[in-house]
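In this note's numbering, the protein residues as written are 10 to 137.
Structure representation (structure tokens):
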């Protein structure tokens, strides 16, 4: 049983992970090892925070609009706090970070998150 029940978020997480690995490989070849690691770290921050958001949203079991909104806001708050924390940790403890590659990959992967709106969910209405 998967912790993430939302199909669009599962697909977006896979795409984010794939693009992160591709970016890390490209920057490793184009720059150096630290460029590849910077790209990997930048992408993984977004992947991890999106996964945390998806798990929190998937655990939602209420049927009211207010409960769904509260869950979405809590999940978004956790995502923002984790993002800020991870960004701080990387800049604080990884001295050889290539900031341009790190932030560029982070922004690219965050933009991929918006693709979740374009992916159709397979839930079929049971109203007949």
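Ideal placement from N, C-alpha and C gives every residue a C-beta, glycine not left out. In this text the structure is predicted, and so the values were computed from the model without any measurement.
Continuous alpha helix (DSSP H) stretch holding residue i: start and end
{"i": "residue 59", "result": "42-67"}
{"i": "residue 97", "result": "74-102"}
{"i": "residue 13", "result": "Looking at the DSSP string, residue 13 is not in any alpha helix (DSSP H), and its letter there is neither H nor E."}
{"i": "residue 117", "result": "108-122"}
Sequence-distant residues of the same chain with beta carbon closer than 8 Å to residue i, five excluded per side
{"i": "residue 76", "result": "69"}
{"i": "residue 129", "result": "17"}
{"i": "residue 34", "result": "45"}
Contacting residues, own chain, Cβ-Cβ under 7 Å from residue i (five flanking each side not counted)
{"i": "residue 121", "result": "21, 24, 25 and 28"}
{"i": "residue 37", "result": "44 and 45"}
{"i": "residue 14", "result": "67"}
{"i": "residue 125", "result": "17, 18 and 21"}
{"i": "residue 78", "result": "none"}
{"i": "residue 105", "result": "43"}
Integer-rounded CB distance, given that residue j should sit under 8 Å from residue i
{"i": "residue 50", "j": "residue 100", "result": "Not confirmed; about 10 Å, so no contact."}
{"i": "residue 32", "j": "residue 91", "result": "Contact flag wrong, Cβ pair sits at about 20 Å."}
{"i": "residue 54", "j": "residue 96", "result": "7 Å"}
Own chain partners of residue i with C-beta closer than 6 Å, once the 5 adjacent residues on each side are dropped
{"i": "residue 114", "result": "32, 48, 51 and 52"}
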